[in-house]
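Chemist: Mind looking over this structure? Questions follow.
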Amino acid sequence: MAKTSTIITIGRQFGSAGREIGYRVADELGIKLYDKEMLNRAAKESGICKELFETHDEKPTNSFLYSLVMDTYSLGYSSGSYTDMPINHKVFLAQFDAIKKIADEGPCILVGRCADYALEDYNNVLSVFIHADLDVRIRRIARIYDLTDAKAKDLILKTDKKRASYYNYYSNKKWASAESYHMCLDSSILGIEGTAEAIIKLVELKERDTDKKL
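Per the working numbering, residue 12 is the first one in the sequence shown, and the count goes up by one each step.
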């Protein structure tokens, strides 16, 4: 039984433990977390093959030529409404639709993929961005992926650049900018457990204030 009526969206810097924090919040609140599952759902409902969603997952828009080439592979899978668009737009819109359908089913946590933008007209959404000191993220990524500090830093910077380009291209907001989210939290100060507790408290406060307004 869910302990909340709120949908939580989590944007995150690579290495900030955003997904792990999200899972802790989901466990505590008795709700489901969607990460890659959003891609599976979008692929299933749109008829576009799953591999294309993974290819375009949180990556910046590709060149027009690449989109045309990919289109020749995807046309057989595409539903009519998406047929005349470049493949990166088809993939984004299918994902956008899937995010809304998931949100309509009830409280959950959605990680990345412009979910906060897709749901900006929903009143029961709390959008959070999780960031952390670069040195802390380097240590975490180096440990998880068994990399040198230099390689971990390179991977972090490249991944964040892709996420920022994707978000900035498809939404009308700026990735990692405070005004793009309801709340930004530093997991290198609060810790993984503390950041999860902070999000749960924010949900409580939001729902309490919403009840007062009603």
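Idealized CB from N, CA, C, for every residue including glycine.
Can you name the residues that DSSP bridges to L158?
Modeler: Position 147 of the sequence shown holds residue 158. Per DSSP, none; premise fails for L158.
Chemist: Mind checking D127: buried by the 16 CB within 10 Å criterion, or exposed?
Modeler: Position 116 of the sequence shown, counting from 1, holds the residue named residue 127. By the 10 Å Cβ count, D127 comes out buried.
Chemist: Answer with buried or exposed for D303, where buried requires no fewer than 16 other C-beta atoms within 10 angstroms of its C-beta.
Modeler: Residue 303 is absent from the model: the chain starts at 12 and stops at 225.
Chemist: To the nearest angstrom, how far is the alpha carbon of I203 from that of F103?
Modeler: Position 192 of the sequence shown, counting from 1, holds the residue named residue 203. Position 92 of the sequence shown, counting from 1, holds the residue named residue 103. Roughly 30 Å between the two C-alpha positions.
Chemist: Using the rule of at least 16 other Cβ atoms within 10 Å of the residue's Cβ for burial, across every protein chain shown, is Y156 buried or exposed?
Modeler: Position 145 of the sequence shown, counting from 1, holds the residue named residue 156. The residue in question, Y156, is exposed, as its Cβ has fewer than 16 Cβ neighbours within 10 Å.
Chemist: What does the Cβ neighbour count give for A161, buried or exposed, with the cut at 16 atoms within 10 Å?
Modeler: Within the sequence shown, the letter at position 150 stands for residue 161. Looking at its Cβ environment, which holds fewer than 16 other Cβ atoms inside 10 Å, A161 is exposed.
Chemist: Could you name the residues that DSSP lists as bridge partners for G22?
Modeler: Sequence index remark: in the sequence shown, residue 22 carries index 11 (1-based). G22 pairs with F140.
Chemist: Flag this pair as yes or no: are the beta carbons of R30 and V122 separated by less than 7 Å?
Modeler: Against the sequence shown, residue 30 aligns to sequence position 19. Against the sequence shown, residue 122 aligns to sequence position 111. In this structure, V122 lies closer than 7 Å to R30 by Cβ.
Chemist: My guess is that D26 and L44 are in contact by the Cβ rule of under 8 Å, so how many angstroms apart are they, rounded?
Modeler: Stepping through the sequence shown from its first residue, residue 26 is reached at position 15. Stepping through the sequence shown from its first residue, residue 44 is reached at position 33. Per the sequence presented here, residue 26 reads as Gly, with Asp not at that position. The Cβ separation is near 18 Å, so there is no contact.
Chemist: In chain order, what are the residue ranges of uninterrupted alpha helix (DSSP H) at least 4 long that sit wholly in the stretch 154–210?
Modeler: Those alpha helix (DSSP H) runs which fall completely within the stretch 154–210 and span 4+ residues are 160–181.
Chemist: Which word fits I21, buried or exposed, when buried means at least 16 other C-beta atoms lie within 10 angstroms of its C-beta?
Modeler: On the sequence shown, residue 21 is found 10 positions in, with the first residue counted as 1. Buried.
Chemist: Quick check: the Cα distance between A28 and W186, rounded to an integer number of angstroms?
Modeler: One-based indexing of the sequence shown puts residue 28 at position 17. One-based indexing of the sequence shown puts residue 186 at position 175. Straight-line Cα distance between these residues: approximately 17 Å.
Chemist: Can you give the beta carbon distance from V36 to I18, rounded, assuming they're within the 8 Å contact cut?
Modeler: Position 25 of the sequence shown, counting from 1, holds the residue named residue 36. Position 7 of the sequence shown, counting from 1, holds the residue named residue 18. Rounded, the Cβ-Cβ distance is 12 Å, inconsistent with contact.
Chemist: Tell me the DSSP secondary structure of L50 in three-state form.
Modeler: Here residue 50 is taken as the residue at index 39 of the sequence shown, counted from 1. In the structure shown, L50 sits in a helix (DSSP, three-state: H, G or I).
Chemist: The beta strand (DSSP E) that contains K111, what's its start and end?
Modeler: Here residue 111 refers to the residue found at position 100 when the sequence shown is read from its first residue. It is not in any beta strand (DSSP E) - K111 instead sits in the alpha helix (DSSP H) that spans I98 to D115.
Chemist: Please classify A53 as buried or exposed, where buried requires at least 16 other C-beta atoms within 10 Å of its C-beta.
Modeler: To locate residue 53, count along the sequence shown from 1; it is residue 42. Buried.
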